[in-house]
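> I'd like to ask you about the structure that follows.
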Amino acid sequence: MKIGSLPKEAIDHRAGYNAKVPVRTFDAVPRSRGDTVAGEDFNALISLTAMKCYRAPRRLPNCAGATGARNRQHVDDCRQLIVYLLADWIVLQKRPPLGREFCGETLQSRGSTQLVAQQGGLAAIFRPIADKEAVALAEAYYDVSGRAIRLTTEKDDTFLLEDSLGPKFILKIANPAEDITEIDCQVKLLRHIEHRDPKLPVPRVIPTRSNVLHFRYKDRAGQSRQVRLMSYLAGVPLSEISSTKRIREKVGVVLGRLRLSMADYHHSADARVLAWDVKHLSSLQSLLSEIADPSQRATLEAAFARFAEIEHLIAATRWQVVHNDFSKSNIVVDPNSSSVVSGIIDFGDAVRTSIAIDLSTALLNQLPADDRADMFADARDVLRGYLTVADLEDAELRLVPHLVMARIVARTVLTIWRARVFPENADYILRNTAQGWAQLNWFLQRSLTEVSDELLQAMR
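Residue numbers for the sequence shown follow numbering that gives the first Met the number 0, beginning at 0 and rising by one.
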């Protein structure tokens, strides 16, 4: 796809705002590759995602932010340079969208471009791997044979490998845009949990024949992917069974144990910027332009304003690495005894953030689909179970319901945007979006104090 030369205004646009000394985007590109940035080949531009300033920042003297505490964030900025340039070019030139080949086509703000572009493939187009290739890959690197069943996921290729005579496994082949260090963070986190609380039912990472936990693989389409194999956790998703008080309390207990097991985990990539981490919710506000219905857009504007009132309180809560997506779809239960949690899956959104944010995500998934009066009736059961094993300070506890609302807002704007970028996967992306409108109206009809009191009633 030819896109023409980028204008000088876009090349000179300053992208080093996280560095102590701002740098021009053009200056952040190794000189040997600089001409490519201003070239016409879109694929050549994409190839710059492995730029020298990302892989070895201290070797690039012009990268002003490649030192000290700002290093990783600035390096991330440099790695996303191509998205910045293309987005700025569209805005500056007022050109029509480039189409689905460009992940940032619908964004109007560099702030949101940065956040969404860093989602490890959340908005990146890639060519899926065929089932046969997945089978061959598993046999070559793991000596695992059997048929591959593709599982529906948000941004990667995931397969269930099963053989009638042997155990089942989950093969995950990452989106080409996913950060290797972030995958390493997830893999080592699972190992850490296994060591801290061996009885927690999290996937076990299976090493390759050469004893590595994840590795780079160039697929048949020429895409560079990261691959890892994990144990399969038998059971059914909690989303597929009827919920009971006992089940919900057990979910809370397991989440509390999971939090404690991760409390002392550290990794260089654990503080990544993640759109699903609602402490960054304000950065998604420009995506309101994606909401066509005026009344829905007004509802979201009011919700963003409500979040702005409590946003500063997040910094005062305790932070650690958390799961950050403890939804019913990611909790597996024993079909013969549904009160037994047999699996905790999908650590793809794990991040260092507030423990109140982590709990709020779990409670969100217990809300009713309508705007019934007692919105937190089921969520309180999860909270009760959680508090039997893990503590919350009063300020954290009162903040939780407002972070539930924030997660609804993030889910709404991100899913509507992503459904437009990936219309072929819209049904899966939007599966939980519709119920959010009634839920948001419930929150907005009450004051901050009333919302906190609603959750905490009968908890004292």
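For every residue, glycine included, the Cβ atom is placed at its ideal position computed from N, Cα and C. As the structure is a computational prediction, the values presented were derived from the model and not from experiment.
A14 by DSSP, collapsed to three states: which one?
Translated into the one-based positions of the sequence shown, residue 14 becomes position 15. Low confidence applies here, because A14 scores a pLDDT of 35, under 50, leaving its location unreliable; read the following figure in that light. Note: A14 maps to coil in three-state DSSP.
> Measuring straight from C-alpha to C-alpha, what distance separates M458 and S209?
Stepping through the sequence shown from its first residue, residue 458 is reached at position 459. Stepping through the sequence shown from its first residue, residue 209 is reached at position 210. Rounded to the nearest angstrom, the two C-alpha atoms are 52 Å apart.
> Is it a yes or a no for the segment 350-358 touching the segment 269-281, going by three-plus beta-carbon pairs under 8 Å?
The answer is yes - the segment 269-281 touches the segment 350-358, with three or more Cβ pairs under 8 Å.
> Could you tell me how far apart the beta carbons of V381 and A361 are, in whole angstroms, since I believe they sit closer than 8 Å?
Here the question's residue 381 lines up with position 382 in the sequence shown. Here the question's residue 361 lines up with position 362 in the sequence shown. Right, the Cβ-Cβ distance comes to about 6 Å (below 8 Å), so this counts as a contact.
> Can you tell me whether T352 is helix, strand or coil according to DSSP?
Residue mapping note: residue 352 aligns to position 353 of the sequence shown, counting from 1. Three-state DSSP puts T352 in a strand.
> What are the partner residues of G342, as DSSP defines its beta bridges?
On the sequence shown, position 343 is the one that residue 342 refers to. DSSP output for G342 lists V331 as bridge partner(s).
> How would you call Q92, buried or exposed, if buried means at least 16 neighbouring beta carbons within 10 angstroms?
Within the sequence shown, numbered from 1, the residue matching residue 92 stands at position 93. Residue placement at Q92 is flagged as unreliable, the pLDDT there being 27, under the threshold of 50; a coordinate-derived value is accordingly withheld.
> Can you list, in chain order, the stretches of the beta strand (DSSP E) that have 3 or more residues and sit fully within the segment 295-321?
318-321, all fully within the segment 295-321.
> Classify M374 as helix, strand or coil using the three-state DSSP reduction.
Numbered from 1 along the sequence shown, position 375 holds the residue referred to as residue 374. It is coil, neither helix nor strand.
> Under 7 Å, do G342 and V252 count as touching if we go by C-beta distance?
For the purposes of this step, residue 342 is taken as the residue at position 343 of the sequence shown. For the purposes of this step, residue 252 is taken as the residue at position 253 of the sequence shown. Contact flag unset, no.
> In chain order, what residues of the same chain lie with their CB nearer than 6 Å to the CB of I344, ignoring the 5 residues before and after it?
The residue you call residue 344 lines up with position 345 of the sequence shown. N329.
> Can you say whether E423 is buried or exposed, counting buried as having 16 or more other CB atoms within 10 angstroms of its CB?
Taking the first residue of the sequence shown as position 1, residue 423 is located at position 424. Label assigned to E423: exposed.
> Could you tell me whether the Cβ atoms of A433 and A425 are closer together than 7 Å?
Sequence index remark: in the sequence shown, residue 433 carries index 434 (1-based). Sequence index remark: in the sequence shown, residue 425 carries index 426 (1-based). Not a contact, by the Cβ cut-off of 7 Å.
> By the three-class DSSP mapping on this structure, what secondary structure does S336 have?
Here residue 336 refers to the residue found at position 337 when the sequence shown is read from its first residue. Three-state DSSP puts S336 in a strand.
> Okay, do the segment 372-380 and the segment 437-454 touch, 3+ Cβ pairs below 8 Å being the bar?
The segment 372-380, when compared against the segment 437-454, does touch it at the 8 Å Cβ threshold.
> Can you list, in chain order, the residues of its chain with a C-beta nearer than 7 Å to that of G234? Leave out the 5 residues immediately preceding and following it.
Here residue 234 corresponds to residue number 235 of the sequence shown, with the count starting at 1. The residues are V331, V332, D333, P334, S341 and G342.
> Looking only at its own chain, which residues have a Cβ that is under 6 Å from the Cβ of P127, when we skip the five neighbours before and after it?
In the sequence shown, the residue the question calls residue 127 occupies position 128. Same-chain partners within the cutoff: D156.
> If you check the beta carbons only, do F325 and L254 fall under 7 Å apart?
Locating residue 325 in the sequence shown gives position 326, counting from the first residue. Locating residue 254 in the sequence shown gives position 255, counting from the first residue. In contact: F325 and L254 (Cβ atoms closer than 7 Å).
> Are the beta-carbon atoms of Y231 and K167 separated by less than 7 Å?
In the sequence shown, counting from the first residue as 1, residue 231 sits at position 232. In the sequence shown, counting from the first residue as 1, residue 167 sits at position 168. Yes.
> DSSP has E161 in a bridge; who is on the other side?
Counted from its first residue, the sequence shown places residue 161 at position 162. BP columns for E161 point to R146.
> Would you kindly work out how many angstroms separate the C-alpha atoms of S181 and V321, rounded to a whole number?
Within the sequence shown, residue 181 is the residue found at index 182, counting from 1. Within the sequence shown, residue 321 is the residue found at index 322, counting from 1. The residue asked about is misnamed: residue 181 is Glu in this sequence, not Ser. So the two alpha carbons sit approximately 14 Å from each other.
> Reducing DSSP to helix, strand and coil, say where P236 ends up.
Translated into positions along the sequence shown, residue 236 becomes position 237. P236: strand per DSSP, three-state reduction.
> Taking 8 Å as the limit between beta carbons, can you name the residues of its chain near Q185, skipping five residues before and five after?
Counted from its first residue, the sequence shown places residue 185 at position 186. Cβ within range, chain order: F346, G347 and A349.
> Under a Cβ-count criterion, where at least 16 other Cβ atoms within 10 Å of its own Cβ denotes burial, should G435 be classed as buried or exposed?
Position 436 of the sequence shown holds residue 435. Label assigned to G435: buried.
> May I ask you to report which of helix, strand or coil DSSP gives F125?
Residue numbering aside, residue 125 sits at position 126 when the sequence shown is read from its first letter. Residue state, collapsed to three classes: coil.
> Put Q185 into one of helix, strand or coil per three-state DSSP.
The residue labelled residue 185 in the question sits at position 186 within the sequence shown. Q185: helix per DSSP, three-state reduction.
> Would you report the Cα separation of S294 and L413, rounded to the nearest angstrom?
Here residue 294 refers to the residue found at position 295 when the sequence shown is read from its first residue. Here residue 413 refers to the residue found at position 414 when the sequence shown is read from its first residue. Going from the Cα of S294 to the Cα of L413 covers about 18 Å.
> Mapping the DSSP letters down to three states, classify R227 as helix, strand or coil.
For the purposes of this step, residue 227 is taken as the residue at position 228 of the sequence shown. Reduced to three states, the DSSP call for R227 is strand.
> Pull up the CB-CB distance for D162 and S144, whole angstroms please, since I reckon it's below 8 Å.
The sequence position of residue 162 within the sequence shown is 163, counting from 1. The sequence position of residue 144 within the sequence shown is 145, counting from 1. 6 Å between Cβ atoms; contact.
> Below 7 Å CB to CB, which residues in the same chain sit around A405 once its five sequence neighbours on both sides are set aside?
The residue given as residue 405 occupies position 406 in the sequence shown. V277, L280 and F306, listed in sequence order.
> Whole angstroms are fine: how far does the CA of D183 sit from the CA of A68?
Locating residue 68 in the sequence shown gives position 69, where the first residue counts as 1. Locating residue 183 in the sequence shown gives position 184, where the first residue counts as 1. With a pLDDT of 32 at A68, under the threshold of 50, the modelled position of this residue cannot be trusted; read the value that follows with caution. Whole-angstrom Cα-Cα distance: 21 Å.
> When DSSP labels each residue in this structure, what does F442 get in the three-state scheme?
Along the sequence shown, read from residue 1 onward, the residue named residue 442 stands at position 443. Looking at F442 - three-state DSSP - the assignment turns out to be helix.
> What does the Cβ neighbour count give for T448, buried or exposed, with the cut at 16 atoms within 10 Å?
Here the question's residue 448 lines up with position 449 in the sequence shown. So T448 counts as exposed.
> For H191 and D292, what's the separation of their Cα atoms in angstroms?
As a working note, residue 191 is residue 192 in the sequence shown. As a working note, residue 292 is residue 293 in the sequence shown. Looking at the two C-alpha atoms, the distance is approximately 46 Å.
> Which of helix, strand or coil does DSSP assign to I179?
To locate residue 179, count along the sequence shown from 1; it is residue 180. Here I179 sits in helix by DSSP.
> Can you tell me the Cα-Cα spacing of L358 and K171, whole angstroms?
Indexing the sequence shown from 1 puts residue 358 at position 359. Indexing the sequence shown from 1 puts residue 171 at position 172. Each residue's alpha carbon lies about 26 Å from the other.
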